[in-house]
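Worksheet: one structure, shown below.
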């Protein structure tokens, strides 16, 4: 009598890619005339601003967020492992009259600060990508931080399929 043994073949393929070079991770997300792109490179705020201004898009700068649609587009563009990313919001002026302003020179008209943010003594802002269990970071919310901290970079530039976007400039 002939016995047949069961025969199984299991194929498991895992692709994991890591890079040590500064590159775009996630996708480019455009809302109207503005595109947001996340870069997996750790820089302080000023270096992040310079980094954005030197990518291959005219008038690129650190991201300015003027409404909830842009906020969501920026979060979606962060599709990597980043917890935080620099946005273009920073404190301008002396201590008596300091105001939050975007790196592109536009005023702060929409905000999405996290609970108890911005903290006193902070002069730049980052956006949170994930929810932290202690609520110190909630996805899409902004936190005030020291400009010398290092973090990933979120750049914005005019949507090349639409044309130029008002407000985009290389002003810091």
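Residue numbers (the working numbering): 5 to 176. Backbone N, C-alpha and C fix where the C-beta goes; we use that ideal spot for every residue, glycine too. Just so it is clear, the structure is predicted and the values come from calculations on it, not from any experiment.
Considering only DSSP beta bridges, list what residue i is partnered with.
{"i": "residue 157", "result": "43 and 90"}
{"i": "residue 129", "result": "148"}
{"i": "residue 66", "result": "159"}
{"i": "residue 33", "result": "40"}
{"i": "residue 95", "result": "104"}
{"i": "residue 111", "result": "105"}
Excluding the 5 residues preceding and the 5 following residue i in the sequence, name in chain order all residues of the same chain whose CB lies nearer than 7 Å to its CB.
{"i": "residue 164", "result": "none"}
{"i": "residue 71", "result": "114"}
{"i": "residue 75", "result": "69, 116 and 144"}
Here's the rule I'm using: 16 or more other beta-carbon atoms within 10 Å means buried, otherwise exposed. How should residue i be labelled?
{"i": "residue 125", "result": "exposed"}
{"i": "residue 143", "result": "exposed"}
{"i": "residue 154", "result": "exposed"}
{"i": "residue 58", "result": "exposed"}
{"i": "residue 97", "result": "exposed"}
{"i": "residue 69", "result": "buried"}
{"i": "residue 150", "result": "exposed"}
{"i": "residue 102", "result": "exposed"}
So, for residue i: in the same chain, excluding its five sequence neighbours on each side, which residues have a beta-carbon less than 8 Å away from its beta-carbon?
{"i": "residue 79", "result": "131, 133, 143 and 144"}
{"i": "residue 152", "result": "48 and 49"}
{"i": "residue 157", "result": "42, 43, 45, 47, 52, 55, 56, 66, 89 and 90"}
{"i": "residue 111", "result": "103 and 105"}
Which residues in the same chain have their Cβ closer than 6 Å to the Cβ of residue i, if we skip the five residues on either side of it in sequence?
{"i": "residue 33", "result": "40, 77, 80 and 81"}
{"i": "residue 160", "result": "38, 40 and 67"}
{"i": "residue 122", "result": "148"}
{"i": "residue 73", "result": "35"}
{"i": "residue 166", "result": "37"}
{"i": "residue 100", "result": "none"}
Give the range of the alpha helix (DSSP H) segment to which residue i is assigned.
{"i": "residue 54", "result": "49 to 57"}
{"i": "residue 166", "result": "First-last for residue 166: undefined, no H or E at that position."}
{"i": "residue 76", "result": "72 to 81"}
How close, in whole Å, do the beta carbons of residue i and residue j come, if the pair is a contact with beta carbons under 8 Å?
{"i": "residue 127", "j": "residue 95", "result": "4 Å"}
{"i": "residue 118", "j": "residue 146", "result": "6 Å"}
Answer yes or no: the CB of residue i versus the heavy atoms of the ligand HEM, is any distance below 8 Å?
{"i": "residue 54", "result": "Inclusion of the ligand HEM in the displayed structure is not the case, the ligand content being empty and no account of it being possible."}
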